[in-house]
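Peer 1: Per our numbering, residue 282 is the first one in the sequence shown, and the count goes up by one each step. In this text, a Cβ means the ideal position worked out from N, Cα and C, and glycines have one as well. Quick caveat, the model's predicted, so the values are computed rather than measured. The structure follows.
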Amino acid sequence: MSSGSPFKRFLARLTHDRSIGFGLEHLGLTTVRNPRVMALIVLAFSIFCFIQIPKANVDGDLLRVYAHSGPYYDAYAHLSETFGTFENDLYVLVNSETLVEPETIERVRDLAFELELNEYAVGTMSPFTLRKPAPGGGSEPAVPEGMLTPDEVAFALIDLQQNDPMMRNLITPDLSGVVLIMFPNQELVAERGAKAMIDNLRETIAPFQAAGLSVEITGPPVWTTEMLNAAVDDQVKFTVYGFLLGSAIALFALRSIAGALIVAATPFLSVMWAMGMILFFFGSFSFLTIIVTTLVLVISFAESMFFTFNWLAYWRDGMEPNKAVDATIKLVGPATALTMLVSMVSFASLSLTPGQGVREFSMAGAMGAFLLFACTMTFQPLLLKLALRLGFKAPPKSSRVLNAPLPLSWFLASRFGRPIAIIGIVLTGLLLVPYFLIQPRFSFEDFVANESTALTAAESIDEGVGGVAPLYIRVPLIENDPNVGEVDYQRIKIVHEILEAELGENKVISAASMTNYTDAGFTRGEVLDAVGPFMRQRFVTDDGSQALVTGFMPTIIESDLLKDLVHRVETELVAAGIDDAELGGFRILTTFATDDIVRGLQMDLSLSVLVNLGLIGFAFQSFRVALASAIPNLFPILGTEAWLWFSGAGLQLTTVIALTIAFGIAVDDTVHFLSHYLHGRREEKRSHEDAVKHTLLRIGGAIVATTVILCAGTAILVWSELPQVAMFGSLFVITLALAVLGDLFILPALLMAGGKFFHPLGKIKVRTADHDATPDDPTGDTVTGNGDAITGDDGTGGAAPSPGRA
């Protein structure tokens, strides 16, 4: 490559400009140079995004999170395509203390038939729709009509309960309840939505509840609909409350209504941009991408606060307010650009882990980070200059409450910098121990809305009947007989017995579980024909090449227990010579795939930390900056992981995402601190100690304000009806609270304790009286042999006051 190549010229200019934002802040400078053109671009893009908003919807399919995540998803998809599964079925639990009364049982029969006739149903399974082989051939109702006495009803139900493999899990032992299962029409559900189906179903059962029956609906479609409703409610609540909280905090910080509106306007537009582009690219929100809008809101509030604080500081120092906008872009823009890049790297690192949901979240987050930066660099300057045209006056200095921790921070850093730095380094090192000890954990109830009636009904079914969480074993067959030949029957029977030994008696159904009928003289073909073609397919494929053994587990089961159960079953199958059988099911998918995803995300987090620290060091042209930023940014992440380990919460999907994104956001304050410190050393020719103190007092209030905004905005998540989202909010607040301790107390202490190590930070050289600028050294600066900055003014190492100094 020649010395005059574009790449080398770019590097030379980058080094000469010393921009930690890699020149991306020029977007803001272009805005102030061409305000009308940029205003039209901002307006056009905003209109485009606003047009997308009416299309807003949330996809409630939890499988979207795990799609294409690995072998467990592939196994589940294969099972669903081959047999269909019970995962989309609706369970209707009917309870009555007088169930065995003829009048009551007939009302339940009527309900079963109403369900069968429902437009959303392609089939149902219940004691009333089930038929059993008749002695003379053909089949007959399992529960006869026209029974006259409670004894007749009780005898019919007990007979089914004891002898029919499917009815054992649908009739409670005390004969006080039955379970009716509806198989939804998936095409109609996809067209109209699960919520419409459930509303329709509730209308169907309402008259029967009024007739003295207790009827509850449960099953995965209900759970996901409840999650969807909670997610939508959360999004509205978080956006509105987060915006109001951020505005209130901005008002408290600036003590100006107009100033608070200026701070709040950019976050509002950033959220609209993010929502519009997510809907444009993905068509809908998912349970993960819906979090991005909240993150964009709180991060944008923080950046808007930094921008406004610095603009007002320049203005109060005597600079003309329009020029103060330009100066703020030059000072804050590079740091904002670098924090945007750090956030984008944090989000982008998530895409290394397989899973459609995680990758969508990664892309949406990276896009949101860029959009909020673009909004800050374009809309914010335009808004400030418009406000000045409309007569905006600088408000009084910010609230003293925000600056209250700063004198203490400086006192500790200047007097006890070394011991605080040592404690910070040692403590961060010790926190690595829980980082390596913490294990992934999956809990199904964490994905279900709090106080879910559907979950309560599912637990009632678990206790009284058997369970609504299926575990499947696909068994390849040898004879290819649709009616199951003897060799294949024995093969299915072995698998059935292995699974039944783990789940309990009568908790498994298969082609080998209908022995009561075959012992009575019916052929396996007659028995399979009696259950109907829809249910027959859930036992054996039409070509007889594969069979399905289904076990029913409790809805709530610890992930460790489920993993142990699966491993034991797989070991038993191999020992029995059936090593080609395949286990699957939604619970297996979510448990094992979550483990893989969480471990991958944790590796992504580690990689993100290393890459971002390297990026910061490269941007500042100093590995010393990377070292200075490492401890205050590792401390909050490792501290939060330690809390997860000690509390037993473990690593879950959203917790690792929270930690990864919180790291990217926590770096924000560190970068702004170091950027101001470097500006004080380079541009204002301050000494090392003076630059640390000036930076702390100059932007410490903004760091406190932004942290309060971030914590307050994200703390709203703690009240989410979805435990996973609530956990996300809790971890975010904990991480950011630890981050502000790192930035206000550990980072200044590290800089002060570092002494001469940090004096020549970022190739800083200070002009001497007898050293002129040269082409290689445009500033004409130099340093003493020990790295201490000197000047020709008063010999103190400080520079004469400049218009921008506080």
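Looking only at DSSP bridge pairs, what is I498 linked to?
Peer 2: In the DSSP output, where bridge partners are listed per residue, I498 has V373.
Peer 1: Could you tell me which of L854, S826, S956, Y798 sits nearest to L441, measuring between CA atoms?
Peer 2: Looking at the Cα atoms, Y798 is the closest of the given residues.
Peer 1: Taking only the alpha-carbon atoms, compute the straight-line gap between S627 and L940 and give it to the nearest angstrom.
Peer 2: So the alpha carbons of these two residues sit roughly 10 Å apart.
Peer 1: Can you give the Cα-Cα distance for L850 and S630, rounded to whole angstroms?
Peer 2: Sequence check: residue 850 is Val here, not Leu. Looking at the two C-alpha atoms, the distance is approximately 36 Å.
Peer 1: Per DSSP, Q467 is paired with what?
Peer 2: Its beta-bridge partners do not exist; DSSP assigns none.
Peer 1: Pull the bridge partners of Y753 from the DSSP assignment, please.
Peer 2: In DSSP, Y753 forms a bridge with T831, G865.
Peer 1: Taking the Cβ atom as the reference point for each residue, do W554 and L663 lie within a distance shorter than 7 Å?
Peer 2: Taking 7 Å as the Cβ cut-off, W554 and L663 do not qualify as a contacting pair.
Peer 1: Going by the DSSP bridge assignment, what does V460 pair with across the sheet?
Peer 2: DSSP lists L374 as partners of V460.
Peer 1: What three-state label does DSSP hand L569 in the structure shown?
Peer 2: Coil at L569, not helix or strand.
Peer 1: By DSSP, does E965 sit in helix, in strand, or in coil?
Peer 2: E965: coil per DSSP, three-state reduction.
Peer 1: Note down, one range per segment and in chain order, each alpha helix (DSSP H) of at least 4 residues found wholly within the stretch 311-350.
Peer 2: The qualifying runs are 316-333, 344-347.
Peer 1: Output the residue ranges of the alpha helix (DSSP H) runs that lie fully inside the stretch 784-829 and measure 4 residues or longer, sorted by chain position.
Peer 2: Whole alpha helix (DSSP H) segments, 4+ residues: 796-800, 805-811, 814-817.
Peer 1: For M406, does the three-state DSSP call read helix, strand or coil?
Peer 2: Here M406 sits in strand by DSSP.
Peer 1: Express the C-alpha separation of A645 and V821 in angstroms, rounding to a whole number.
Peer 2: Going by the C-alpha atoms only, they are around 42 Å apart.
Peer 1: Which stretch, first to last residue, makes up the alpha helix (DSSP H) that contains R722?
Peer 2: Per DSSP, R722 belongs to no alpha helix (DSSP H) and is neither H nor E.
Peer 1: When we look at the beta-carbon of I980 and count the other beta-carbons within 10 Å, is it buried (16 or more) or exposed?
Peer 2: So I980 ends up on the buried side.
Peer 1: Tell whether a beta-carbon distance below 7 Å holds between S461 and V403.
Peer 2: The question names Ser, yet the displayed sequence has Leu at residue 461. Contact flag unset, no.
Peer 1: Helix, strand or coil for I706 per DSSP?
Peer 2: Reduced to three states, the DSSP call for I706 is helix.
Peer 1: Could you tell me which uninterrupted beta strand (DSSP E) segments, each at least 3 residues in length, are contained entirely in the stretch 479-561, listed from first to last along the chain?
Peer 2: Runs found: 495-499.
Peer 1: How many angstroms separate the CA atom of R586 from the CA atom of L526?
Peer 2: Here residue 586 turns out to be Met, not Arg, going by the sequence shown. Their backbone Cα atoms lie some 13 Å apart in a straight line.
Peer 1: Out of H953, A923, R967, L919, which has the shortest C-alpha to C-alpha gap to F944?
Peer 2: F944 has its Cα closest to that of L919, out of H953, A923, R967, L919.
Peer 1: Apply the 10 Å Cβ neighbour rule to T852 and answer buried if 16 or more other Cβ atoms are within range, or exposed otherwise.
Peer 2: It counts as exposed.
Peer 1: Let me make sure I understand the geometry here. Which of T453, E783, D800 has the alpha-carbon closest to that of L842?
Peer 2: When each option's Cα is compared against that of L842, the closest is E783.
Peer 1: Ordered along the chain, which non-local residues of its own chain (more than five positions away) have a Cβ less than 6 Å from that of L888?
Peer 2: Within the same chain, L888 has close Cβ partners S630.
Peer 1: Once the 5 residues before and after T709 are set aside, which same chain residues still bring their CB inside 8 Å of it?
Peer 2: I912, L915, F916, L919.
Peer 1: From what residue to what residue does the alpha helix (DSSP H) around F1009 run?
Peer 2: Per DSSP, F1009 belongs to the alpha helix (DSSP H) from 1004-1022.
Peer 1: Mind the definition here: the stretch 877-885 touches the stretch 990-1008 only if three or more C-beta pairs lie below 8 Å; say whether that holds.
Peer 2: Cβ pair count under 8 Å is below three, so no.
Peer 1: State the beta-bridge partners of L932 as determined by DSSP.
Peer 2: Paired residue(s): P721.
Peer 1: Tell me the DSSP secondary structure of I452 in three-state form.
Peer 2: DSSP places I452 in strand when its eight states are reduced to three.
Peer 1: With 16 other CB atoms within 10 Å as the buried threshold, where does P814 fall?
Peer 2: P814 should be labelled exposed.
Peer 1: From T363, E807, L977, pick the residue whose C-alpha is nearest to that of F1026; which is it?
Peer 2: The candidate whose alpha carbon is nearest that of F1026 is L977.
Peer 1: Between which two residues does the alpha helix (DSSP H) containing K611 stretch?
Peer 2: 602-630 is the span of the alpha helix (DSSP H), which, as asked, contains K611.
Peer 1: Taking the continuous alpha helix (DSSP H) assigned at A437, which residues delimit it?
Peer 2: First-last of the alpha helix (DSSP H) with A437: 431-444.
Peer 1: Taking 7 Å as the cut-off, decide whether the C-beta atoms of I479 and T506 are in contact.
Peer 2: Cβ distance < 7 Å, so I479 and T506 count as in contact.
Peer 1: Tell me whether the beta-carbon of V906 lies closer than 7 Å to the beta-carbon of L955.
Peer 2: Against a cut-off of 7 Å, the Cβ pair of L955 and V906 comes out as a contact.
Peer 1: Have a look at M1033, I334, A668, T935 and flag the residue whose alpha-carbon is nearest the alpha-carbon of S690.
Peer 2: With distances taken between Cα atoms, S690 lies closest to M1033.
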